[in-house]
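According to our numbering, the sequence shown holds residues 3 to 272 in order.
Note that beta-carbon positions come from the ideal geometry of N, C-alpha and C, so glycine has one too.
The structure appears below as structure tokens.
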Amino acid sequence: MLLWLGEYLTQFYSAFNVFSYLTFRAIISTLTALFISLYFGPKLIRYLQKMQIGQTVRDDGPESHLSKSGTPTMGGLLILASIVFSVLLWADLSNIYVWVVLFVIVSFGIVGFVDDYRKVIRKDANGLIARWKYFWQTVIGLSTALFLYFIAQTPNETALLIPFVKELLPQLGIFYVVMSYFVIVGTSNAVNLTDGLDGLAIVPTIMVAGAFALFAYVTGNVNFSSYLNIPHIALTSELVVVCTAIVGAGLGFLWFNTYPAQVFMGDVGS
3 MLLWLGEYLT QFYSAFNVFS YLTFRAIIST LTALFISLYF GPKLIRYLQK MQIGQTVRDD
63 GPESHLSKSG TPTMGGLLIL ASIVFSVLLW ADLSNIYVWV VLFVIVSFGI VGFVDDYRKV
123 IRKDANGLIA RWKYFWQTVI GLSTALFLYF IAQTPNETAL LIPFVKELLP QLGIFYVVMS
183 YFVIVGTSNA VNLTDGLDGL AIVPTIMVAG AFALFAYVTG NVNFSSYLNI PHIALTSELV
243 VVCTAIVGAG LGFLWFNTYP AQVFMGDVGS
């Protein structure tokens, strides 16, 4: 959003051209998401405590985990809001990949919110039953994979990059949809299973998002991708802004999620 404003204001004052620099917007995206998380975190925690929206801990787990019972959950709302607001503010909204990632983040967040709502607020121990959760994950993951497959304009977009092997770049064809589906749904469930302890899910998320930011920058830059022998995919560099927003939101959330955790992300975040 501010990229367009910067382009307009550049004709009056050249300093506004800084908004066109990807590195600048990536840094500011991180700081924006971080600020939102740190500022609204205490407010959200107080609200969750007031509404008695607390973590449920199973009796068959380690005794040390029982002390975490009642800790506010659904803190993932803070992560989602920070990411979405920062991305809408600093990313190039004409980039299709930005909207694809936002669609996946928000859609899976809604599925997680429904699950949390049923478990924590309506006191339904089963939450969103597994088959319906998996059904909606499949709809989101499969529709995203199909969309990316059909908008692909170059062979690189549906190829499989094998690390440390320079010349081998197998074309997946329609199997790209299958693989992408399992990556999207599998990753979501992996994070969901990991969440539940202080900083256990958010720390790997921050690290992975940082790595993806680097990959997106290199892949989207024709010079770096050529030098490093990595397939070039146009427009993917804008995903750096999205990844850095995730890093900023994650760091802000970690401030409240580190030991002793004041809040957990819940299914809406994981």
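Met3 and Leu90 do touch by the CB rule: their CB atoms are close to 6 Å apart, below 8 Å. The beta carbon of Val179 sits closer than 6 Å to the beta carbons of Ala147, Leu148, Tyr151 from its chain, once the five residues preceding and following it are set aside; these are given in chain order.
Spanning the alpha carbons of Asn128 and Tyr41 requires a straight line of approximately 33 Å. The shortest CA-to-CA distance from Leu80 to any of Ser39, Val122, Asn19 is the one to Ser39. Beta bridge pairing from DSSP links Gln173 with Ala161. Looking at Ser182, Leu33, Phe37, the one whose alpha-carbon comes closest to that of Thr160 is Ser182. The DSSP assignment places complete alpha helix (DSSP H) segments of no fewer than 4 residues inside the stretch 66-145 at 78-92, 98-118, in order along the chain. Judged by their CB atoms, Ala215 and Leu174 are not nearer to each other than the 9 Å cut-off.
DSSP places Glu240 outside any alpha helix (DSSP H), giving it a letter other than H or E. When DSSP states are grouped into helix, strand and coil, Ser272 belongs to the coil group. Counting of Cβ neighbours within 10 angstroms places Pro157 among the exposed residues, the total staying below 16. Ranked by Cα distance from Lys45, the options Asn191, Pro74, Val244, Trp6 are led by Pro74.
By the 16-neighbour rule on beta-carbons within 10 angstroms, Ala35 is buried.
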